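In the numbering used here, the protein residues as written are 6 to 368.
Data first, discussion second: the structure below is written as structure tokens.
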């Protein structure tokens, strides 16, 4: 599995709000270059682009990214097309997060779309299954899968022998199952072995006179790993990796902490201001500022500095979070402001006018 590193720090982008600094305070000039982290980022070295924004589909993670062939990344987003038919868009990203190709797949009953390295596989409960080599070469023309034992005339001994042979020789294989009933309304199962041999996908049918379950370890999912999923929450095991360089205190007010779980909230009086952060990123330093920030210094009782966002006087504070994800194989970082949007942070490109395919949602 490819090594990856996620950098997480408590930060939520809710936009720039202006407020008066303490009278007589002057911001050190070195912090004039710091900018709010959004698509209008003012930076000599970095830029932020919107990779994907979706509606409420595919909860809890409607946007997902996974590695593919030719050092590409594929972004999958759950959304509807112009005809409001729910489905999935897939975007092929290059090493700098530019969308260079896309496909759209409608979500229909009894149909599933699987990605296995250079192949896109369409599995249908009824009717023909097919595959394309779009991840490898952009070819979207489907190729029909032929079926062995389609008439279910083989003996079980012959099927078992063939199954062992195919599992041993195939480049890829996975199992699926369809559930049926006979004329006497008794359940039976049709096991399907999908296998790729010599660049050609086929299926082997094997009936069972009962309801069976497929071992998850032999299913399609073992061939795909989503290394990033859009989320509101801090990622488990993520590492806080930022430096608060300066905190410009602007207003002192009362605010609440809502504990939840039946515990009452409690009121605190403290400063709200602008935080200036250095974030090690892509062999450089990203310099950002966050207005409306509350910094609660470490105490003997709580030996850790805590960060929150103010929602106003006597209002409960919000978590201060953002998940920045990096991978040593990528020239860009990823973050979510919510589960419905994913952005890329990258070094500035030589061709800033280059249009992104995802803006047009063409397929």
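We put the beta carbon where it would ideally sit given N, CA and C, even for glycine.
Treat the numbers as computed from the prediction; the structure is a model and nothing was measured.
Problem - Beta-carbon spacing of residue 176, residue 202 below 9 Å - result: For the purposes of this step, residue 176 is taken as residue 171 along the chain shown, with counting starting at 1. For the purposes of this step, residue 202 is taken as residue 197 along the chain shown, with counting starting at 1. Yes, these two residues count as a Cβ contact at 9 Å.
Exercise for the section: State the DSSP-derived secondary structure class of residue 242, mapped to helix, strand or coil. Expected result: Locating residue 242 in the chain shown gives position 237, where the first residue counts as 1. With a pLDDT of 45 at residue 242, under the threshold of 50, the predicted position of this residue should be treated as unreliable, though the coordinate-derived value follows. Coil at residue 242, not helix or strand.
Exercise for the section: Just confirm the distance between the C-beta atoms of residue 281 and residue 300, as a whole number of angstroms; I'd bet it's less than 8 Å. Expected result: In the chain shown, the residue the question calls residue 281 occupies position 276. In the chain shown, the residue the question calls residue 300 occupies position 295. Their Cβ separation, rounded to whole angstroms, is 11 Å, which puts residue 281 and residue 300 out of contact at 8 Å.
Problem - Proximity of residue 315 and residue 277 at Cβ, strictly below 9 Å - result: By 1-based counting over the chain shown, the position of residue 315 is 310. By 1-based counting over the chain shown, the position of residue 277 is 272. In this structure, residue 277 lies closer than 9 Å to residue 315 by Cβ.
Exercise for the section: Enumerate in chain order the residues of its own chain whose CB-to-CB distance from residue 106 is below 8 Å, with the five nearest sequence positions on each side excluded. Expected result: For the purposes of this step, residue 106 is taken as the residue at position 101 of the chain shown. Cβ within range, chain order: 96, 97, 139, 143, 362.
Problem - Proximity below 9 Å, CB of residue 50 to CB of residue 220 - result: For the purposes of this step, residue 50 is taken as residue 45 along the chain shown, with counting starting at 1. For the purposes of this step, residue 220 is taken as residue 215 along the chain shown, with counting starting at 1. No. Outside cutoff.
Exercise for the section: Could you tell me which residues DSSP pairs with residue 277 in its beta bridges? Expected result: The residue you call residue 277 lines up with position 272 of the chain shown. In the DSSP output, where bridge partners are listed per residue, residue 277 has 256.
Practice task
Please work out which residues of its chain come closer than 8 Å, Cβ to Cβ, to residue 217, disregarding the five sequence neighbours upstream and downstream, and give them in chain order.
Solution key: Position 212 of the chain shown, counted from the start, is the residue given in the question as residue 217. Cβ within range, chain order: 182, 194, 196.
Practice task
Drop a sphere of 10 angstroms on the beta-carbon of residue 329, count the other beta-carbons inside from all chains shown, and report buried for 16 or more, exposed for fewer.
Solution key: For the purposes of this step, residue 329 is taken as residue 324 along the chain shown, with counting starting at 1. Buried, because 16 or more other Cβ atoms sit within 10 Å of the Cβ of residue 329.
Handout entry: Outcome for residue 126 when other beta-carbon atoms lying within 10 angstroms are tallied against a minimum of 16
Key = For this step, residue 126 is matched to residue 121 along the chain shown. Classification of residue 126: buried, given that the 10 Å Cβ count is 16 or more.
Practice task
Work out the CA separation of residue 338 and residue 270 for me, nearest whole Å.
Solution key: Within the chain shown, residue 270 is the residue found at index 265, counting from 1. Within the chain shown, residue 338 is the residue found at index 333, counting from 1. Roughly 36 Å between the two C-alpha positions.
Problem - Endpoints, the beta strand (DSSP E) within which residue 91 is located - result: Here the question's residue 91 lines up with position 86 in the chain shown. 91-98 is the span of the beta strand (DSSP E), which, as asked, contains residue 91.
Problem - Neighbourhood of residue 151 by C-beta, 7 Å cutoff - its chain only, sequence neighbours within 5 removed - result: Counted from its first residue, the chain shown places residue 151 at position 146. So the list reads 207, once near-sequence residues are dropped.
Handout entry: CB-CB length for residue 167 against residue 157, believed under 8 Å
Key = Looking up residue 167 in the chain shown gives position 162. Looking up residue 157 in the chain shown gives position 152. Not confirmed; about 14 Å, so no contact.
Exercise for the section: Flag this pair as yes or no: are the beta carbons of residue 252 and residue 298 separated by less than 9 Å? Expected result: Within the chain shown, the letter at position 247 stands for residue 252. Within the chain shown, the letter at position 293 stands for residue 298. Yes, Cβ-Cβ distance for residue 252 and residue 298 is below 9 Å.
Practice task
With a 10 Å radius around its C-beta and 16 neighbouring C-beta atoms as the bar for buried, classify residue 33 as buried or exposed.
Solution key: Taking the first residue of the chain shown as position 1, residue 33 is located at position 28. By the 10 Å Cβ count, residue 33 comes out exposed.
Practice task
Whole angstroms is fine: what's the gap from residue 73's alpha carbon to residue 323's?
Solution key: In the chain shown, residue 73 corresponds to position 68, counting from 1. In the chain shown, residue 323 corresponds to position 318, counting from 1. Computed Cα separation, rounded: 37 Å.
Practice task
Within its chain, find whatever has a CB closer than 6 Å to the CB of residue 214; leave out the 5 residues flanking it on each side and keep chain order.
Solution key: If you number the chain shown from 1, residue 214 lands on position 209. The residues are 193.
Problem - Contacting residues, own chain, Cβ-Cβ under 8 Å from residue 3 (five flanking each side not counted) - result: For the chain, the structure presents residues 6 to 368; residue 3 sits outside this window and is missing.
Practice task
Taking residue 131 as part of the alpha helix (DSSP H), name the residues at either end of that continuous run.
Solution key: For the purposes of this step, residue 131 is taken as residue 126 along the chain shown, with counting starting at 1. Counting along the chain, residue 131 falls outside any alpha helix (DSSP H), and DSSP gives it neither H nor E.
Exercise for the section: For the alpha helix (DSSP H) containing residue 223, list its first residue and its last residue. Expected result: Your numbering for residue 223 matches position 218 in the chain shown. Premise fails: residue 223 is in no alpha helix (DSSP H) and is neither H nor E.
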